[in-house]
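A short write-up of the structure that comes next.
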Amino acid sequence: MANVISDETIEYVGILSKLKLNDEEKERAKKDLEEMLDYIDQLGELDTEGVEPMSHVHPQVNRFREDVVTNGDMREDILANAPEERDGAFVVPRTFD
Amino acid sequence: MELKELTAVELGEKIAAKEVKVREALDSVFAEIDAKESEIHSYITLDRERAYERADRLQQLIDSGECKSPLAGVPVAIKDNMCTKGLLTSCASKILGNFVPTYTATAVERLEAAGAVIVGKTNMDEFAMGSTTETSYYGVTRNPRDTGRVPGGSSGGSAAAVAANECFYALGSDTGGSIRQPAGYCGVVGIKPTYGTVSRYGLIAYGSSLDQIGPLAKDVRDAAAVLEAISAYDEKDSTSLDRKDTSFTAALKEDVKGLRIGIPADYFGEGLDPEVASAVKAAAKALQDAGAVVEEFPLAHVKYAIPAYYTIADAEASSNLERFDGIKYGYRTEDYTDLHDMYKKTRSEGFGTEVKRRIMLGSFVLSSGYYDAYYLKALKVKALIRKAFDEAFAKYDLIIGPVAPTTAPKLGESLSDPMKMYLGDIYTISANLAGIPGLSIPCGKDENGLPIGMQIFGDCFKEDLIFRAAYTYEKIRGKF
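These protein sequence lines map, in sequence, to chains A and B.
Every position in the first sequence, counted from 1, becomes a number in our numbering once 92 is added.
Note that our numbering gives residue 226 to position 241 of the second sequence, counting from 1, and the numbers run on in steps of one.
Structure, rendered in structure tokens:
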């Protein structure tokens, strides 16, 4: 069955992805998504009833450690990468008035 | 023999024996770089000045006997998705175009402790998403064996740098074949180890459950020596394994007698170039003649690996790449109205087409209403693929197949049809889903003189058997 991605869906995907798409990009994205989903739908041919989903190949366990600081003060170096900084903090656009 | 033609281990021996100075090794590398880089473009960033400073410091440590590692003084290239303190790490993306890490990836740190000299950071597909190194924001890399062709990807810069003698070995990363496929296209050796063998700390994540760092090298011995140097438990990576069996160079023996080798018949079907098929089969025959027991067998679920992979990898990528928001580091758009507008514009301008395509697919398959049908389904298929390998390794010590369906494609041929590019990953992708190790080694050339790669898989933790078979084959094959 061919997948059809609606305008609403691509709008929603844009929000989830935090991407701003122009009309041309939206059309392209719809086509790409439809094509990929048609392809991924092949997985439906496999009977996975009762199969446990495998997120990691090795058993994963929580590894606890003491909460101690091991790195030194790297504030200057870290802030040097910031697009905008002031008084030792990252500057972001105003989020409320 | 010219210095540049030595392998990393041979060069290390000569440096240790005081026959070659570390500076001379660097001179050789930079002479190749100066002669070839304008055409090949293996590197995004060169670190010439600091490399020479380090060479001088290392020379003292070697002379005084404080640094005795087999790789001491040997120049290395690092893929640009591994953080290097004080050295630009762009991930081949505009969004990280000015990112200077405050720390170094564990794998790179381990090489530095072993006396490696970093030459620079190699080109790659943006965020390791691609199979040709053409999605890099910083321009394409050309295959040194034929400059009209791609080097493969995503570790294409690392593979090209090794093939062009612009370094003595390199680190790459492999999420779906990104070490093994460019190694195959460029005629060098590459290995993706068992998941968890090399720490991912400081590797800019693409698909965290699939990513592994590994070497690209001139021969099997170099690959074993480098992997041995970078394999270690790391408490900074919660998926890192505490392995005791990482003395890979000890496995380099010319002996495959009695090794059971399976050839998946499903890897030799439609879409495989006949020249690639016959070269890989001839290599398997050579191992059979040397005493291995080789037979064909049916491997289940081969065609489901690609759709499962792109679902899982893109889902993880969409989550991993959320952090690039224009606030703490990297590119920020010039012009915006509010916070969310800034996020969206920054990311839309900062990411390339392929990265955006994967983030969108990943966001979609994780979204409410589609999660079970796509993401969870893919994780179940992953379990079935793992089971198929478990069954295969109950019968065989190793599995042999091609690296890619064809030799290196021409530049510009792949990007227009992403689906076709994805299909090229068919033989490499399963190893990442199953977590097993896979090595790529040159096994011949096609009618155009382009390298053909053979892949050797082992079960988890069986790198030793892989290295033994690869080393034996390399001796039979002779110099490539």
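Here a beta-carbon is modelled for each residue, glycine too, at the ideal position from N, C-alpha and C.
Just so we're clear, the structure is a prediction, and the values are computed from it rather than from any experiment.
Would you kindly check if the distance between the Cβ of B/Ile451 and the Cβ of B/Ser422 is under 8 Å?
Sequence inspection shows Pro at residue 422 of chain B; the Ser mentioned does not correspond to that position. Taking 8 Å as the Cβ cut-off, B/Pro422 and B/Ile451 qualify as a contacting pair.
For B/Gly256, is the classification buried or exposed, using 16 other Cβ atoms within 10 angstroms of its Cβ as the cut-off for buried?
B/Gly256 should be labelled exposed.
Secondary structure at A/Tyr104, three-state DSSP: helix, strand or coil?
Three-state DSSP puts A/Tyr104 in a helix.
Am I right that B/Ala57 and B/Leu73 are in contact with their C-beta atoms under 8 Å? What's the rounded C-beta distance?
Approximately 26 Å separates the beta-carbon atoms of B/Ala57 and B/Leu73; this is outside 8 Å, ruling out the contact.
In the region 330 to 346 of chain B, which residues sit with their C-beta less than 8 Å from some C-beta in chain A, listed in chain order?
Lys330, Arg332, Ser333, Phe336, Lys341, Arg342, Ile344, Met345 and Leu346
Could you check where the beta strand (DSSP E) with B/Gly105 kicks off and where it finishes?
Val102 to Thr107
Between the beta-carbon of B/Gln440 and the beta-carbon of B/Ile385, is there less than 8 Å?
yes
Three-state secondary structure (DSSP) at B/Thr30?
If DSSP states are grouped into helix, strand and coil, B/Thr30 belongs with the strands.
For the alpha helix (DSSP H) that B/Phe349 lies in, which residues bound it at each end?
Thr338 to Leu351
Under a Cβ-count criterion, where at least 16 other Cβ atoms within 10 Å of its own Cβ denotes burial, should B/Phe336 be classed as buried or exposed?
Buried, by the Cβ-count rule.
In chain B, which residues lie with their C-beta within 7 Å of the C-beta of A/Val105?
Met345, Ser348 and Phe349
Considering just the uninterrupted stretch of the alpha helix (DSSP H) at B/Ser425, what are its terminal residues?
Where B/Ser425 is concerned, there is no enclosing alpha helix (DSSP H), although the beta strand (DSSP E) it sits in stretches over Gly423 to Lys430.
Should A/Arg178 be flagged as near chain B, meaning a C-beta pair shorter than 8 Å?
no
Listed in chain order, which residues of the region 279 to 294 of chain B have Cβ atoms closer than 9 Å to some Cβ of chain E?
Of the protein chains in the structure, A and B, none is chain E.
Start and end of the beta strand (DSSP E) containing B/Ala62?
Pro60 to Lys64
By a C-beta neighbour count over all protein chains shown, 10 Å radius and 16 as the cutoff for buried, is A/Phe188 buried or exposed?
exposed
DSSP on B/Leu450, reduced to helix/strand/coil?
helix
With B/Tyr295 as the anchor, note down where its alpha helix (DSSP H) starts and where it stops.
Ala290 to Asn305
Using a C-beta cutoff of 8 Å, does A/Val96 count as contacting chain B?
no
Chain B partners of A/Asp124, CB-CB under 8 Å?
Arg342, Met345, Leu346 and Pro403
Is the closest heavy atom of the ligand HEM to the C-beta of B/Gly315 under 7 Å?
Among the ligands in the structure shown, none appear at all, so the ligand HEM cannot be discussed.
Mind pulling the chain B residues with CB within less than 7 Å of A/Ala121?
Within chain B, the residues near A/Ala121 are Met345.
My assumption, with CB atoms under 8 Å, is that B/Ala250 sits in contact with B/Pro283. Please give the rounded CB distance.
The Cβ separation is near 6 Å, so the contact holds.
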